[in-house]
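Working notes for the structure below.
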Amino acid sequence: MFDIEKNKLLSANNAENFSLAEFIKPSGKSLTEKVSPFNEFLVSVLEQGKALYCRELMSACEHSSLILDQITKTPRKMLMFGSNNYLGLSTHPKIKEALINAVETFGIGVGGPPLLNGMSTLHKKLERKLCEFKYGDKADDYDAMLFPSGYQANLGWVKALISGNDILIYDELSHASLYDALTNLNSDPFNKVKTLRYKHNNVAHLKILLERYSNLCNGHIFVTTEGVFSMDGNLSPLQEISELCAKYKATLVIDDAHGTGILGENGRGSAEHWQVEESVPITMGTFSKVFAVTGGFLIAKKEVIQYMRYFARSYMFSAHLPPPIVAAILASIDVIQNEKELRRKLFSNVNYLVKNLNELGFCVSSDSGIIPIMIPAKHDIREINKFLNNNNIFVNSIEYPAVAKNKQRLRLSVMATHTEEELKKVINIFAKLKKEFL
1 MFDIEKNKLL SANNAENFSL AEFIKPSGKS LTEKVSPFNE FLVSVLEQGK ALYCRELMSA
61 CEHSSLILDQ ITKTPRKMLM FGSNNYLGLS THPKIKEALI NAVETFGIGV GGPPLLNGMS
121 TLHKKLERKL CEFKYGDKAD DYDAMLFPSG YQANLGWVKA LISGNDILIY DELSHASLYD
181 ALTNLNSDPF NKVKTLRYKH NNVAHLKILL ERYSNLCNGH IFVTTEGVFS MDGNLSPLQE
241 ISELCAKYKA TLVIDDAHGT GILGENGRGS AEHWQVEESV PITMGTFSKV FAVTGGFLIA
301 KKEVIQYMRY FARSYMFSAH LPPPIVAAIL ASIDVIQNEK ELRRKLFSNV NYLVKNLNEL
361 GFCVSSDSGI IPIMIPAKHD IREINKFLNN NNIFVNSIEY PAVAKNKQRL RLSVMATHTE
421 EELKKVINIF AKLKKEFL
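So that you can map any letter, position 319 of the sequence shown is 319 in my numbering, and since no number is skipped, the others follow by simple counting.
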């Protein structure tokens, strides 16, 4: 058991030396004993104003939002750089109207899974529209399936498709949902699946693994990576990876949660950006980023989707998405396709921030809507984010164990709807931050 007294965990001068990793595997003879150390630690950092999690929104989540102050319990107007609402679609009038109209026609939910009573005409329409959005004139060869979350979509395809003597090769910085899917695979004593991790975006290492195991594999090889990596904002080299997969007859699966709607000439995502759409047999994505709602999806050839509908447990045993949310996503796709200036404005804002942050001495870059600002481990990132919070800038701080111990960072999520005045304010605050802390 983690000994609070021994480690003086509750000392105000010492709490910053502990991370959430200390509490991942709680021990104790009672439920209270298992959870109390963490809760007492949390109270300590909350009192210091340094536990900036679960901050309460009191308005729509847009470029500037009302946030409940955790200390004073009063609302404050803050610039929002913590949301993946990249194009500002959460408050787009056409999308809000579509959602409201769907409530009148379909009600608020379906109360069941898609295989039973949960499939509506709206769901079928979205499945078709996703294929058309992603694959254009090749859409007839594809089908899609919808999930309550992107997390469940990742669990779904792994559980449904990988078994026996298959091999799954994945990027080491893959999302937590992929790691949980791997845990499920590896927990089956009758499963002979082999899982291999390659160094982040290291095509040479991936090639070594494919060369080594392609002739040894008695099943099928899957390779999975992210189109845009959520913690770093960088892109996966899909052109090179897809060529390797073709050479070694491996199936490439892309998690395009942060690329869909953002990248590519038509906003179709990472595969369009790299012009490898037909080399990506399976695409996974979410509706919780650019679409600003909730849910996930898989797109693949029709026969693959048809199989997964009956064998992806996270699909079979979950209630289907509420029809109003589906209507909002349908309207969002229309906006993405017809209002291309939103993507241009997003990248204009990203480029402005990158340029000016670098001029301040921060070493940053981004090919997406995410700008990571690395904070050396010797600095207290909680204190730094407290400073930003006190200056009405909402930013997410990412620390161990979400990232490696020496890779803590601030993560700015940029929106197309941020104004020039708001961007200038952010740069001014970061200039003060640089002088005071770094």
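For each residue, glycine too, the CB sits at the ideal point set by N, CA and C.
Just list the residues that DSSP pairs residue i with in beta bridges.
i      : result
GLU127 : Answer is none; GLU127 lacks a bridge partner.
PRO75  : LEU68
PRO372 : ARG411
LEU196 : ILE169
ILE299 : ALA144 and THR283
ASN443 : With the chain covering 1 to 438 only, the question about residue 443 has no answer from this structure.
ASP255 : GLU226 and MET284
When the cut-off is 8 Å and only beta carbons count, does residue i lie next to chain D?
i      : result
PRO189 : The displayed structure is made up of one protein chain only, and chain D is not part of it.
Using a threshold of 8 Å, state whether the C-beta atoms of residue i and residue j are closer than that.
i      : j      : result
ASN191 : MET284 : no
ASP171 : TYR198 : yes
ASP255 : GLU278 : no
SER19  : GLU399 : yes
VAL290 : ILE262 : yes
LEU360 : LYS434 : yes
MET231 : PRO372 : yes
ILE167 : CYS217 : yes
GLY118 : ALA312 : no
ILE169 : VAL223 : yes
ASN437 : ILE384 : According to the sequence provided, residue 437 is Phe. The question's Asn does not apply to it. The answer is yes: Cβ separation under 8 Å.
LYS510 : LEU330 : In the structure displayed, the chain extends from 1 to 438; residue 510 sits before or after that span and is not available.
ASP137 : LYS302 : no
GLY156 : MET58  : no
GLY439 : SER149 : Outside the shown range of the chain (1 to 438) lies residue 439, about which nothing can therefore be said.
Roughly how many angstroms separate the alpha carbons of residue i and residue j, rounded to a whole number?
i      : j      : result
LEU10  : PHE41  : In this prediction, LEU10 scores a pLDDT of 45, lower than 50, which makes its location untrustworthy; no coordinate-derived value is stated.
VAL426 : ILE393 : 7 Å
ALA377 : ALA404 : 10 Å
GLU422 : ILE375 : 23 Å
GLY112 : LYS247 : 42 Å
LEU182 : CYS61  : 33 Å
GLU47  : LEU68  : 15 Å
LEU210 : HIS200 : 15 Å
GLU104 : LEU342 : 29 Å
LEU89  : GLY219 : 43 Å
LEU31  : ILE24  : 14 Å
ALA98  : PRO26  : 46 Å
ARG409 : PHE229 : 14 Å
ALA21  : GLU33  : 17 Å
LYS345 : SER413 : 14 Å
ALA257 : PHE287 : 8 Å
VAL110 : LEU122 : 12 Å
ASP3   : VAL395 : For ASP3, the predicted model reports a pLDDT of 49, less than 50, meaning its position is unreliable; a value from the coordinates is still stated below. Answer to the nearest angstrom: the Cα atoms are 32 Å apart.
Assuming residue i and residue j make a contact with CB atoms under 8 Å, what is their CB distance in whole Å?
i      : j      : result
PHE297 : PHE147 : 7 Å
VAL444 : SER242 : Since the first and last residues shown for the chain are 1 and 438, residue 444 lies out of range.
SER368 : VAL354 : That pair is no contact at about 11 Å.
Are at least three pairs of beta-carbons, each pair with one atom in the stretch 80-94 and one in the stretch 377-394, less than 8 Å apart? The stretch 80-94 vs the stretch 377-394: in contact.
Three or more C-beta pairs under 8 Å: does that hold for the stretch 321-335 against the stretch 236-254? They do not touch, by the three-pair rule.
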